[in-house]
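For the sequence shown, UniProt numbering puts the final residue at 326, and the numbers step up evenly by one.
Think of the CB as a built atom: it goes at the ideal place given N, C-alpha and C, for glycine as much as any other residue.
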Amino acid sequence: MRVAVIGLGTVSVVHLAALSSLGLDLVATSEGRYRDHRVLLDEVRPDAVHICTPHDQHVPVALDALARGVHVLLEKPVAHTVAAADELLAAAKDNPSVAVGVCLQNRYNLASVAARELLLSGSLGPVIGASATVMWHRDDAYYQARPWRGQMGRSGGGVLINQAIHTLDLLQWLLGDVTDISSQIGHFAGREVEDTVTAVLDHARVGPLGGGPAAAGGKLPAPGARSVFFSTVANAVDSPVTIEITTAAATLVIRGDLTIRHADGRVEVIAERRAESGGRDYWGASHELLIADFYRRLRTGEAFAIDLEEGMKSLRLVDEIYRQNI
Ligand SMILES: NC(=O)c1ccc[n+]([C@@H]2O[C@H](COP(=O)([O-])OP(=O)(O)OC[C@H]3O[C@@H](n4cnc5c(N)ncnc54)[C@H](O)[C@@H]3O)[C@@H](O)[C@H]2O)c1
């Protein structure tokens, strides 16, 4: 596999580090005259590209890659709008031999995988409900350093589409497809993009679970659970993301590690990996696992579980929340 990375900003360091440690052949990055990704695609002709550009530059670059038969690993979110993502989805359907994967790496966290396996097994009884909090700190310097992050037209939104989308994705992946949402958003810091979002989500009574590294398919053991969700970047510090799931027989808390408190008093802890060098703690430690899985499946011809449809689930939830708060 000859791989190129397009977009050499903050997140690209974890992609470059993963490619190096996995021994993949990095043949070009979007520097110099390759800053125009079409020149890179036409001259270098990579087999796959990692797209690490701002949100509004995901789909244009991905469409050009697809048109040339180049596999795509796309950073989250799929796009800054559902309309743009739909355009990519249509192009991907026209090019079924080209893989498109979405970088929702937290599905590969040990804690996420273990929690999902436990919930799918039914051994903890029905899910009663869940809560999730994302309480992070993004100050003016963060938005000044990369102005697109604060511009609706380029980012598509604030905390929800940029930071908390991972946690929204995990909630629907762990508890089932979302059938109903009520939400409110806040602009407490006075920026163009929102800094705070609260939502109540109803999950499907039964339904097919999405893809991911854990068991695919199956039925939810816990019909009709509800989750509550709170996310902000107006917090003074970056607190660990916390997801708490209550079932009939246990409480599961993901806060870095997964802690399972059984009703009979037993406590189990499943330790999470530490973040990769070069990455930020709050990105988690799973980019490399996702990237390794993406290439393993390209080699074997298996479908990558977080494809465009799967990656768009969280984007559709984000879109619905924004629509509710126009
Ligand atoms: N998965 C995660 O945990 C995670 C973490 C951080 C960022 N991200 C995502 O990664 C993406 C990039 O975020 P970032 O913080 O690294 O942004 P950034 O602004 O730091 O970097 C983006 C880079 O892309 C370049 N660029 C812009 N348009 C381009 C184009 N058309 N062709 C080539 N290069 C182009 C810019 O010059 C810049 O160097 C975003 O989608 C973001 O949401 C994901």
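Cα-Cα separation, residue i to residue j
i: Ala214; j: Val113; result: No answer about Ala214 holds up, because its pLDDT of 36 lies below 50 and its placement is not dependable.
i: Val59; j: Ala92; result: 11 Å
i: Ala84; j: Val102; result: 15 Å
i: Val134; j: Ala236; result: 12 Å
i: Val44; j: His37; result: 10 Å
i: Gly207; j: Ala145; result: In this prediction, Gly207 scores a pLDDT of 36, lower than 50, which makes its location untrustworthy; the coordinate-derived value is nonetheless stated afterwards. C-alpha separation (whole angstroms): 43 Å.
i: His71; j: Gly32; result: 23 Å
i: Val241; j: Tyr108; result: 15 Å
i: Asn82; j: Ser182; result: The amino acid occupying residue 82 in the given sequence is Val; Asn does not appear at that position. The straight-line gap from Cα to Cα measures roughly 19 Å.
i: Thr247; j: Arg154; result: 40 Å
i: Gly211; j: Ser123; result: A caution first: Gly211 carries a pLDDT of 33, below 50, which makes its placement in the model unreliable, though a value can still be read off. Gly211 and Ser123: Cα-Cα distance of roughly 21 Å.
i: Leu119; j: Thr251; result: 11 Å
i: Val127; j: Val253; result: 13 Å
i: Glu302; j: Asp293; result: 10 Å
i: Ala271; j: Ala285; result: 12 Å
i: Leu19; j: Ile291; result: 8 Å
i: Asp139; j: Gly158; result: 12 Å
i: Met152; j: His262; result: 44 Å
i: Leu174; j: Leu289; result: 19 Å
i: Lys313; j: Glu87; result: 15 Å
8 Å Cβ cutoff met for residue i and residue j
i: Leu24; j: Tyr295; result: yes
i: Leu66; j: Val98; result: yes
i: Asp169; j: His203; result: no
i: Trp136; j: Pro54; result: no
i: Gln163; j: His287; result: no
i: Leu16; j: Val3; result: no
i: Ser227; j: Leu201; result: yes
i: Val39; j: Ile51; result: no
i: Ile185; j: Val318; result: no
i: Phe188; j: Asp180; result: no
i: Arg150; j: Val193; result: Before going further, note that residue 150 is Gly rather than Arg in the sequence given. Yes, they are a contact pair.
i: Val100; j: Asp307; result: yes
i: Asp56; j: His80; result: yes
i: Ile321; j: Leu160; result: yes
i: Ile245; j: Ala141; result: no
Buried or exposed by the 16-neighbour rule on C-beta atoms within 10 Å, applied to residue i
i: Arg116; result: buried
i: Gly9; result: exposed
i: Val267; result: exposed
i: residue 333; result: Outside the shown range of the chain, which is 1 to 326, sits residue 333, and nothing can be said about it.
i: Pro77; result: buried
i: Leu171; result: buried
i: Val14; result: buried
i: Pro96; result: exposed
i: Phe304; result: buried
Counterpart residues of residue i in DSSP-defined beta bridges
i: Gly186; result: Thr196
i: Val3; result: Leu26 and Ala48
i: Met135; result: Thr232
i: Ile161; result: Answer is none; Ile161 lacks a bridge partner.
i: Asp202; result: Asp180 and Arg226
i: Leu73; result: His50 and Gly101
i: Asp42; result: DSSP, once it has assigned bridges, lists no residue as partnering Asp42.
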